[in-house]
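Chemist: Heads up: the sequence lines are chains A and B, in that order. Counting from 1 along the first sequence, just add 1 to a position and that's the residue number in the working numbering. Counting from 1 along the second sequence, just add 9 to a position and that's the residue number in the working numbering.
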Amino acid sequence: MTQIDYDIAFGAISTGVDEINLSQPEGAKISKDPDAVLFGEDSKLDSVGLVQVVMAAEAHLAEQTGVDVVLASEAAMSRKRSPYRSLRLLAEYAVEVATEGEAA
Amino acid sequence: MNMSEKPVIAITGTRKGIGRYLSEVFLERGWQVVGCSRGASDLEHAAYDHYELDVSDERAVTKMMHQVARDHGRLDALLNNAGIASMNHAMLTPGSTMIRVFQTNVFGTFLFCREAAKLMGRRKYGRIVNFATVATPLKLEGEAVYAASKAAVVSLTEVLAREFAAFGVTVNAVGPTPVPTDLVGSVSKDKMRALIARQAIPRYGTMEDVLNVCDFFLREESEFVTGQTLYLGGV
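Below is the structure:
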């Protein structure tokens, strides 16, 4: 089992985004800029698209690190606190969830 | 990730009763069966994996489903069979009973639906069958907590059916009448007779009756059937 740090989390999430982008039409592909808006105003993703990204991110994190994380969040729809606003926040959230899991 | 050639079905509550029966049937049919219960299982078969867990333990459920992904690479179906009952007058029922029943019947069902749908969604195909009960529409006295927990399962089934449709996953529920298992073993025969008399077809249900409904929901041709609860016995 590999410890999850930001770079590992971001890498796994990026792989998930690559996978989703394979089936996205040109113009609707998800940016891999860590600070681009992932979900929220001006986002190309609807809620189903966000679920797909999160599902792929969890699966790649589990595959690459052996760590089972659930990236569900009560704050999903919050503009200020949502971990789904950008890939950077999602990767940071994954590290936070994985760390909590280790402590439990 | 290895992809099993066999269809893979997850069944909760497989140590005994209906869950055990359903596991044996799907193993005979050549499926890979992944089961779980709070205790160990004596079901031994090359195509059966058993996990000891509490279905309301979020971490354990997540871990199990990720392991299913690693081992088999797919999940075709989920039967959310695990359940516990409580038969008691509401005024004599402690709050702790309500928590325990809701944890297994509602939280467990939700967690397995959520994690199964993630795995199913990757292949855009999946069939989920939840377990309701005729105690809900019959509004049975003495089963307030159990009936309410299963009403929540029906509601989850209806909403999840809509949320999971985009991922090719159907979500339905079967509502069995009493089937002679441990779950109804503690109820008096008189009470059971009175309950069965309220069915259109007044007899105990059988495990085959439950399987028949599961089979219908699981068929590939049932892709347009979702969000439904099918009660047995004409209730």
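Backbone N, C-alpha and C fix where the C-beta goes; we use that ideal spot for every residue, glycine too. The structure displayed is predicted, hence computed values, not measured ones.
(1) Among B/40, B/179 and B/62, which residue has its Cα nearest to the Cα of residue 133 of chain B?
(2) Helix, strand or coil: which one does DSSP assign to residue 65 of chain A?
(3) Under the rule that 16 or more other beta-carbon atoms within 10 Å means buried, what is residue 139 of chain B, buried or exposed?
(4) List, in order along the chain, the chain B residues whose C-beta lies closer than 9 Å to that of residue 54 of chain A?
(5) How would you write the range of the beta strand (DSSP E) that residue 75 of chain A sits in, first residue to last?
(6) Give the interface partners of residue 59 of chain A over in chain B, defined as CB-CB distance under 9 Å, in chain order.
(7) Any residues in the segment 78-109 of chain B with a beta carbon nearer than 8 Å to a beta carbon of chain A? Which ones, in chain order?
(8) According to a CB-to-CB cut-off of less than 7 Å, which residues of the segment 132-155 of chain B neighbour chain A?
(9) I need the straight-line Cα distance from residue 215 of chain B to residue 17 of chain B, nearest angstrom please.
(10) Using a C-beta to C-beta distance shorter than 8 Å, which residues of chain B count as neighbours of residue 18 of chain A?
(11) Label residue 12 of chain B either buried or exposed according to how many other C-beta atoms from any shown protein chain fall within 10 Å of its C-beta, with 16 as the threshold for buried.
(12) Any Cβ of chain B within less than 8 Å of the Cβ of residue 76 of chain A?
(13) Could you name the residues of the same chain whose beta carbon sits closer than 7 Å to that of residue 57 of chain A, not counting the 5 residues immediately before and after it, in chain order?
(14) Could you name the residues of the segment 168-182 of chain B whose beta carbon sits closer than 7 Å to any beta carbon of chain A, in the order they occur along the chain?
(15) Helix, strand or coil for residue 152 of chain B? Go by DSSP, reduced to three states.
Modeler: According to the data block:
(1) Residue B/179 holds the alpha-carbon nearest to the alpha-carbon of residue 133 of chain B among B/40, B/179 and B/62.
(2) Residue 65 of chain A falls in the helix class under three-state DSSP.
(3) By the 10 Å Cβ count, residue 139 of chain B comes out buried.
(4) Going along chain B, no residue has its Cβ under 9 Å from residue 54 of chain A, so there is no contact; the nearest lies around 12 Å.
(5) No beta strand (DSSP E) holds residue 75 of chain A; DSSP gives it neither H nor E.
(6) The contacting residues are 71, 75 and 127.
(7) So the list reads 78 and 79, given in the order they occur along the chain.
(8) Under the 7 Å Cβ criterion, the segment 132-155 of chain B contributes no residue.
(9) Cα to Cα, the separation comes out at about 24 Å.
(10) Correct list: empty, because the minimum Cβ distance to chain B is about 15 Å.
(11) By the 10 Å Cβ count, residue 12 of chain B comes out exposed.
(12) It does not: the Cβ of residue 76 of chain A has no partner Cβ on chain B nearer than 8 Å.
(13) Close CB contacts of residue 57 of chain A within its chain, under the 7 Å cut and outside five residues either way in sequence, are with 17, 20 and 21 (chain order).
(14) Answer in chain order: 175.
(15) In the structure shown, residue 152 of chain B adopts coil according to DSSP, grouped into three states.
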